[in-house]
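Novice: Every number in the numbering used here is 1453 more than the matching position in the sequence shown, counting from 1.
Using N, Cα and C, we set each Cβ at its ideal position, and we do this for glycine too.
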Amino acid sequence: IRKVFGSIMVLSLILTFTVLSSLSAASEGNVTILFTHDLHDHLQPYTTVQKNGITTTLGGFGKLQSAIKEERDKDPDLILVDAGDFSMGTLFQTIFSSHAPQLRIMGQMSYDAITFGNHEFDFRAKGLADSLTAAKSSGEPLPRITAANIFFPVDKEGKLTPSLAKLKNAMDNYKVEDYLIIERKGIKIGIFGLMGKDAASNAPMSEVKFLDAIESAQRVVNILKTKENVDLILCLSHSGTGGFSPKTEDEILAKKVPEIDVIISGHSHTKLTEPLIVGNTIIGSSGEYSQNLGIIKITQDPDESWILKEYALKPIDETIPEDEEIADMISYYQHIVQESYLNNFNLEFDEVLARSPFNFTPAAQIGQKHTEEPLGSLISDAYIYAVQLAEGEDYEPIAVSLVPNGTIRGSIVEGDVSVSDVFIVSSLGIGKDGTPGYPLVSVYLTGKELKTVCEVDASVTPIMKAAQLYMSGISYTFNPHRLIFNKVTDVNLQHPDGSLEEIDDDKLYRLVAGLYSGQMLPAVSDKSFGLLSLVPKTKDGTPIINFEDQIITDHQGREVKEWYAIAQYLRSFDLENGIPVIPLSYSETQGRKIVDNSKNLLLLLGKPNKIAIVVYLIFLALVVGLCFLIIQVAKRYIEKRKNKYTAIK
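(1) For Ile1751 versus Ile1760, is the C-beta spacing smaller than 8 Å?
(2) Using the beta-carbon count (16 or more within 10 Å), is Glu2092 buried or exposed?
(3) Could you tell me which whole beta strand (DSSP E) segments of length 3 or greater appear in the region 1666 to 1754?
(4) Can you give the beta carbon distance from Ile1779 to Gly1570, rounded, assuming they're within the 8 Å contact cut?
(5) Given the structure, does Asn1483 come close to the ligand SAM, in the sense that its CB is under 7 Å from one of the ligand's heavy atoms?
(6) Measure the C-alpha to C-alpha separation of Lys1621 and Ala1582 and round it to an integer number of angstroms.
(7) Quick one: using the 10 Å Cβ neighbour count with 16 as the cut-off for buried, is Ser1477 buried or exposed?
(8) Would you decide whether Glu1792 is buried or exposed? Buried here means 16 or more other CB atoms lie within 10 Å of its CB.
(9) So, do the region 1608 to 1628 and the region 1685 to 1694 have three or more beta carbon pairs nearer to each other than 8 Å?
(10) By the 10 Å Cβ neighbour count, where 16 or more other Cβ atoms means buried, how is Asn1932 classified, buried or exposed?
(11) Using DSSP with H/G/I as helix, E/B as strand and the rest coil, what is Ser1981?
(12) If you pair each beta-carbon of the region 1589 to 1603 with each one of the region 1553 to 1560, do three or more pairs fall below 8 Å?
(13) Using the three-state DSSP reduction, which class does Ser1895 fall into: helix, strand or coil?
(14) Here's a check: name, in chain order, each residue in its chain whose Cβ is nearer than 6 Å to the Cβ of Lys1904, leaving out the five neighbours to either side.
(15) Please identify the residue among Ile1603, Glu1630, Thr1509, Ala1707 whose C-alpha is closest to the C-alpha of Ala1656.
(16) How about Lys1641 and Ile1634: do their beta carbons lie closer than 8 Å?
(17) Starting from Ile1837, trace the alpha helix (DSSP H) both ways and give me its first and last residue.
(18) Name, in chain order, the residues that DSSP records as bridge partners for Glu1630.
(19) Just to confirm the assignment, what range does the alpha helix (DSSP H) spanning Lys1527 have?
(20) I believe Thr1599 touches Tyr1632 by the beta-carbon criterion, under 8 Å. Please report the beta-carbon distance rounded to the nearest angstrom.
(21) Give the DSSP-derived three-state secondary structure of Leu1987 in the structure shown.
(22) Rounding to the nearest angstrom, what Cα-Cα distance links Ser2038 and Tyr1499 in this structure?
(23) Using only alpha-carbon positions, find the residue among Gln2003, Gly1639, His1691 that is nearest to Phe1663.
(24) Do you know offhand how far Asn1796's Cα is from His1788's?
(25) Whose CA, out of Asn1858, Gly2078, Met1782, Ile1521, lies closest to the CA of Met1924?
(26) Give me the Cα-Cα distance between Ser2040 and Phe1802, rounded to the nearest whole angstrom.
(27) I need the straight-line Cα distance from Gly1512 to Asp2002, nearest angstrom please.
(28) Consult DSSP for Met1562 and reduce its assignment to one of helix, strand or coil.
(29) Note down the Cα distance separating His1720 from Phe1697, rounded to an integer number of angstroms.
(30) At the level of alpha carbons, what is the spacing between Lys2014 and Ile1730?
(31) Mind listing, in chain order, the continuous alpha helix (DSSP H) runs of no fewer than 4 residues lying wholly within the region 1532 to 1591?
(32) What residue from Gln1841, His1823, Pro2033, Ala2074 has the CA that sits closest to Val1909's CA?
(33) For Lys2097, is the classification buried or exposed, using 16 other Cβ atoms within 10 angstroms of its Cβ as the cut-off for buried?
(34) So which of Ser1563, Val1913, Leu1922, Arg1963 has the shortest CA-CA distance to Ser1895?
(35) Quick check on DSSP: helix, strand or coil for Asn1505?
(36) Do Ile2032 and Val1451 count as a contact pair if the criterion is CB distance below 8 Å?
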């Protein structure tokens, strides 16, 4: 019996060892990649409205960490990466440069590799330099950073500007690299980061230059293949899959550089419930604001190519508990935000400013339709109110205020509206004063140029959704079926009581917008191929060179910030039970942007502007020329037939 029992034990041990060895061998060719992108400082959970109209709470780094830990329990050797825009979007961005909470928390969450997005440059070269330095000086664990196509331009003397020199030193000290090498389960993984073309265009104040993404990717891939001999190539691409497939930036990248095995696609905030497969390249995208944790599991087949085993987006919702350690870190940084930033405005982080009796359009859906947007109306109205408050007796009447769709970063849901909620709505940028938040600027345009602004909205928006404008003080009608740059058929000033006033083409009118939006007005000429023109001016008609000189300040010399203008406006509404309530009038459109979808030929061709007249004349000339050509061909044909008939006769 002892011999039999002993034999069974030996056989069991051999079998167990064989099974474990087989499992180990099988796992060696497997890689799990957890990924995020476009987190935009959403360290805390936030409330949003889904497409089905249901209000839900999503995101938050504490919950995200719990989901990450759950996946790590399944595979301790997984890698965790982020494809950029980890900052800028909530009040926590106000301490981006001084305390770098984003990098320090991501370090605590054990991110293996991240890259920069365009919004990491929102506070310019100096701001990013200070953030990297603050993170490094903390002595805490930090994520490694890779950025393969950043170039530091020099002046005529071959020197960097002081701010660029500071950024380069900070990046060198942090050890930002073209690519990173990570080994897991005996697999050598090469990771590199890229800034795409569209993303680069959205970082105009970065001071650095971004080299061609595809050329940079090919250069790094060649190094990873030939010099580093990696088994797997992972690209953290802040380029995106926005637009029309298969012509999106990251799909083109995958096609042009097929050696890339996996692309984590940031920038476009795309939520891919199924991955895009281009050749042998897997493209994943998990959405925005820590709403989901992306999961890619791949395995290596006998010919050493990588095969997708699993792709999933794990929702970060109310069902997931918060990780206490990360939650404590977030509370610590919230206290710093209060002390260093909000106290300057005499506001509290979670202070209720107003109550909304309805849901505004969710942020992700704003701009999807080319029409008037109630939240845009509220914001543009807030600008005028805040300037009146700031200037007091010195107030100069504002004819029009505007806000582009691209600068609206959040929305308002039914219920209490807090200070932190309002900041999210208009969270971008930094002022001349060096403090976060774009300030308002004042410019003057002629009446003719005001009409051009309306034409910009009507004609450029279909090409560039971020350019859609929402305005206060003006009412205009456009027909999307008319000739481009001649879509607007009627424009009038609109007074608060709804009455209309005809616009004098030669008169100068005051317009208010955010600093970034104001700076973009002269770019209209480029966006319209030189057919439209806007020249922002001072009150005396002098063209503006430096828009920072036009920043609006109050009597204490403080810049009027976009987000703070909204906060002040919300506080001005009538009280119910001691709390201001947003008027129901903002739940609907107010005749500011009227869309005429008529296809009546007379209406489509009527009221031509100079551009349309030129096009019509060119078209008419082509038609006349074509008719003349047809007549000449017909005459020659008839004469040829006639001569042939005569010869036969």
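Specialist: Taking the definition as stated:
(1) Within the sequence shown, residue 1751 is the residue found at index 298, counting from 1. Within the sequence shown, residue 1760 is the residue found at index 307, counting from 1. Pairing Ile1751 with Ile1760 gives a Cβ-Cβ distance under 8 Å.
(2) Along the sequence shown, one-based indexing puts residue 2092 at 639. Classification for Glu2092: exposed.
(3) Along the region 1666 to 1754, the beta strand (DSSP E) occurs as fully enclosed runs of 3 or more residues at 1685 to 1691, 1715 to 1718, 1729 to 1731, 1734 to 1737, 1745 to 1753, listed in sequence order.
(4) Start at 1 with the first residue of the sequence shown, and residue 1779 comes out as number 326. Start at 1 with the first residue of the sequence shown, and residue 1570 comes out as number 117. Distance from Ile1779 to Gly1570 at the Cβ level is roughly 21 Å; contact not present, criterion being Cβ atoms closer than 8 Å.
(5) Looking for the ligand SAM in the displayed structure turns up nothing, as the structure carries no ligands at all.
(6) For the purposes of this step, residue 1621 is identified with residue 168 of the sequence shown, where counting begins at 1. For the purposes of this step, residue 1582 is identified with residue 129 of the sequence shown, where counting begins at 1. Their Cα atoms are separated by approximately 8 Å.
(7) In the sequence shown, residue 1477 corresponds to position 24, counting from 1. Residue confidence is low: Ser1477 scores 42 on pLDDT, short of 50, so the model does not pin down where it sits. No coordinate-derived value is stated.
(8) Working through the sequence shown from its first residue, we reach residue 1792 at position 339. Per the 10 Å Cβ criterion, exposed.
(9) For the pair of segments examined, the region 1608 to 1628 was found not to touch the region 1685 to 1694: the number of CB pairs separated by less than 8 Å stays below three.
(10) Numbered from its first residue, the sequence shown carries residue 1932 at position 479. Label assigned to Asn1932: buried.
(11) On the sequence shown, position 528 is the one that residue 1981 refers to. Shown here, Ser1981 sits in coil according to DSSP, grouped into three states, outside any helix or strand.
(12) Counting Cβ pairs under 8 Å, three or more are found: they touch.
(13) Residue numbering aside, residue 1895 sits at position 442 when the sequence shown is read from its first letter. For Ser1895, the secondary structure class from DSSP, reduced to helix, strand or coil, is strand.
(14) For the purposes of this step, residue 1904 is taken as the residue at position 451 of the sequence shown. Excluding positions up to five away in sequence, the list reads Val1944.
(15) Locating residue 1656 in the sequence shown gives position 203, where the first residue counts as 1. If we check each option's Cα against that of Ala1656, Ile1603 comes out closest.
(16) Taking the first residue of the sequence shown as position 1, residue 1641 is located at position 188. Taking the first residue of the sequence shown as position 1, residue 1634 is located at position 181. Taking the C-beta atoms as reference points, Ile1634 is found nearer than 8 Å to Lys1641.
(17) For the purposes of this step, residue 1837 is taken as the residue at position 384 of the sequence shown. Boundaries of the alpha helix (DSSP H) harbouring Ile1837: 1827 to 1844, taken from the DSSP string.
(18) Taking the first residue of the sequence shown as position 1, residue 1630 is located at position 177. Within the DSSP secondary-structure output, Glu1630 pairs in a beta bridge with Thr1599.
(19) The residue you call residue 1527 lines up with position 74 of the sequence shown. From DSSP, the alpha helix (DSSP H) with Lys1527 extends over 1514 to 1527.
(20) The sequence position of residue 1599 within the sequence shown is 146, counting from 1. The sequence position of residue 1632 within the sequence shown is 179, counting from 1. With 8 Å as the limit, Thr1599 and Tyr1632 qualify as a contact, their Cβ atoms being about 6 Å apart.
(21) As a first step, residue 1987 must be located in the sequence shown, where it is residue number 534. The answer is coil: DSSP assigns Leu1987 none of H, G, I, E or B.
(22) The residue given as residue 2038 occupies position 585 in the sequence shown. The residue given as residue 1499 occupies position 46 in the sequence shown. Between Ser2038 and Tyr1499, the alpha-carbon positions lie close to 26 Å from each other.
(23) Taking the first residue of the sequence shown as position 1, residue 1663 is located at position 210. When each option's Cα is compared against that of Phe1663, the closest is His1691.
(24) Residue 1796 sits at position 343 when you count from the first residue of the sequence shown. Residue 1788 sits at position 335 when you count from the first residue of the sequence shown. Between Asn1796 and His1788, the C-alpha separation is close to 11 Å.
(25) Along the sequence shown, read from residue 1 onward, the residue named residue 1924 stands at position 471. Ranking Asn1858, Gly2078, Met1782, Ile1521 by Cα distance to Met1924 puts Asn1858 first.
(26) In the sequence shown, the residue the question calls residue 2040 occupies position 587. In the sequence shown, the residue the question calls residue 1802 occupies position 349. Rounded to the nearest whole angstrom, the C-alpha separation of Ser2040 and Phe1802 is 26 Å.
(27) Here residue 1512 corresponds to residue number 59 of the sequence shown, with the count starting at 1. Here residue 2002 corresponds to residue number 549 of the sequence shown, with the count starting at 1. Between Gly1512 and Asp2002, the alpha-carbon positions lie close to 39 Å from each other.
(28) Reading the sequence shown from its first residue, position 109 is the one you call residue 1562. Met1562 sits in coil when the DSSP states are folded into three classes, being neither helix nor strand.
(29) Here residue 1720 corresponds to residue number 267 of the sequence shown, with the count starting at 1. Here residue 1697 corresponds to residue number 244 of the sequence shown, with the count starting at 1. Whole-angstrom Cα-Cα distance: 15 Å.
(30) Locating residue 2014 in the sequence shown gives position 561, where the first residue counts as 1. Locating residue 1730 in the sequence shown gives position 277, where the first residue counts as 1. Here the alpha carbons of Ile1730 and Lys2014 stand approximately 44 Å from one another.
(31) For the alpha helix (DSSP H) assignment, the uninterrupted runs of no fewer than 4 residues enclosed by the region 1532 to 1591 are, from N- to C-terminal side, 1549 to 1552, 1554 to 1561, 1577 to 1590.
(32) Taking the first residue of the sequence shown as position 1, residue 1909 is located at position 456. Residue His1823 is the option with its Cα nearest to Val1909.
(33) Within the sequence shown, numbered from 1, the residue matching residue 2097 stands at position 644. By the 16-neighbour rule on beta-carbons within 10 angstroms, Lys2097 is exposed.
(34) On the sequence shown, position 442 is the one that residue 1895 refers to. Selected option, being the one with the closest Cα: Arg1963.
(35) Your numbering for residue 1505 matches position 52 in the sequence shown. Collapsing the DSSP output to three states places Asn1505 in coil.
(36) Because the chain here runs from 1454 to 2102, residue 1451 falls outside it and cannot be looked at.
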